[in-house]
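Quick note on UniProt numbering: the sequence shown kicks off at 1 and runs consecutively. Glycine is no exception: its CB is placed at the ideal position from the N, C-alpha and C atoms.
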Amino acid sequence: MTRNDTPRTDDSDAQRTDEGAAVSETTIGSGSAGPDSGFGSESDAESAPLLDESFDVGERSAAGTTQAETEAVIEARTLDVYYDDHQALRSVDIEIPENRVTALIGPSGCGKSTFLRSINRMNDLIDAARMEGELLFDGKNVYDEDVDPVALRRKIGMVFQSPNPFPKSIYDNVAFGLEVQNRDVDVDETVHSALERAALLDEVEDQLDGSGLDLSGGQQQRLCIARAIAPDPEVILMDEPASALDPVATSKIEDLIEDLSEEYTVVIVTHNMQQAARISDKTAVFLTGGELVEFDDTNKIFENPDNDRVEDYITGKFG
Ligand SMILES: Nc1ncnc2c1ncn2[C@@H]1O[C@H](COP(=O)(O)OP(=O)(O)OP(=O)(O)O)[C@@H](O)[C@H]1O
Ligand SMILES: [Mg+2]
């Protein structure tokens, strides 16, 4: 099944989503170019701690990728999200495992992007948005008062549907987050290594001073992924990152996501069921009304889901 085959029920929702994405257009990697959204002022960068000292966000589980189950790095507990009076997510409970790829699927307007944005508090940028319940990252509620959303977005980076490089050189695109963070890192080495991990270095090595905007769509998306991973986040959120790309570029991004999951927790929204089946370890199915209807191993979801509505959705009986 291709993306075009995937049913999209509500165009107005899709359009509304695009408005949400417009907020995102200025947002990069683990932060944002926007004034309150991510890479804020230099003082923001200096006041780096995400949380108080009692909470160590740097600590990663030793479970690695060799064990069948890893610890939950993100956990939602009875999470509700509203846009004014409209409830977009209903009592979502989920534990997203570390160093795994988790796919979020479901018909248009069911709240996938809303859920993704609630993880790194990108919904804070939408005036109408309001949430109830808890969203834990490494056991800490990211909506607690002592959490700095700017620092949070450095730990939980984001890649969007449309590649959105800055009108800067390839090198500066990747270095941007590092400079703003004012971190004590070897920028040159980090830029090269991020481009390499994003499987782009070979193609751009000789043109690092060239504009990021002169790259192809698929290369731009890998540049955005390089930019997202350069600050060394723990989690990468991707909202339909390959939907605007051709099959060759899509396959590169899919390979890359698989590689990234060795080091990062990846949460990806996709309308492409085959893509979800190919690249994810776990799949969460949201259905209209903002309910998380089933969450399980990807094989189980696609081969033998418990819920009849999930089976109907997956087999294309409704969207
Ligand atoms: N910025 C916003 N303001 C108001 N309502 C919104 C906003 N963004 C989303 N919504 C509404 O919240 C619901 C969930 O939208 P969301 O964008 O999360 O869905 P989605 O599953 O990502 O859809 P799609 O597959 O089309 O991207 C929809 O009813 C949508 O209209
Ligand atoms: Mg969406």
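- If you draw a 10 Å sphere on the C-beta of G289, you find fewer than 16 other C-beta atoms in it, and that means exposed.
- With contacts defined as CB atoms closer than 8 Å, R130 and Y82 qualify as a contacting pair.
- Given a length threshold of 4 residues, each whole run of the alpha helix (DSSP H) inside the region 147-175 is given here in chain order: 149-155.
- The bridge partners DSSP lists for T114 come to none.
- Looking at the backbone, the Cα of D209 and that of D172 are separated by about 8 Å.
- Ranked by how close their Cα comes to the Cα of L260, the residues A277, I236, M158, R278 have I236 in first place.
- Counted as a single uninterrupted DSSP element, the stretch harbouring E69 is not any beta strand (DSSP E), since DSSP gives it neither H nor E.
- Cα atoms of I126 and S169: separation of roughly 30 Å, rounded to the nearest angstrom.
- When C-alpha distances from S108 are compared across D312, H271, L292, N299, the shortest belongs to H271.
- Per DSSP, the continuous beta strand (DSSP E) segment holding T265 begins and ends at 265-269.
- Every unbroken stretch of the beta strand (DSSP E) spanning 3 or more residues and falling wholly within the region 244-309 is given here in chain order: 265-269, 282-287, 291-297.
- S162 has its Cβ no nearer than 7 Å to any heavy atom of ligand 2.
- Look at S193 here: in three-state DSSP terms it is helix.
- Annotation: G212 is outside any beta strand (DSSP E) and is labelled neither H nor E by DSSP.
- When the beta-carbon positions are compared, F295 and G111 stay at least 8 Å from each other.
- Short note on V269: C-beta closer than 7 Å to some heavy atom of ligand 2.
- A residue is called buried once 16 or more other Cβ atoms fall within 10 Å of its Cβ, and E98 is buried on that count.
- Beta-bridge partners of D80 (DSSP): E132.
- Cβ-Cβ distances below 7 Å link L195 to V174, L201, V204, A226 in the same chain, with the five nearest sequence neighbours on each side left out; the list follows chain order.
- In the three-state scheme derived from DSSP, where H, G and I count as helix and E and B as strand, V187 is classed as helix.
- Comparing C-alpha distances from A72 to each of F137, P167, D232, I119 shows the shortest one belongs to F137.
- Contact between V92 and I268 fails: their C-beta atoms lie close to 17 Å from each other, not under 8 Å.
- D281 and E263 have their C-alpha atoms roughly 14 Å apart.
- Between the C-alpha atoms of D312 and I253 there is a straight-line separation of about 28 Å.
- The alpha-carbon of E291 is positioned some 27 Å away from that of V147.
- Beta-bridge pairing by DSSP links A103 to I268, T283.
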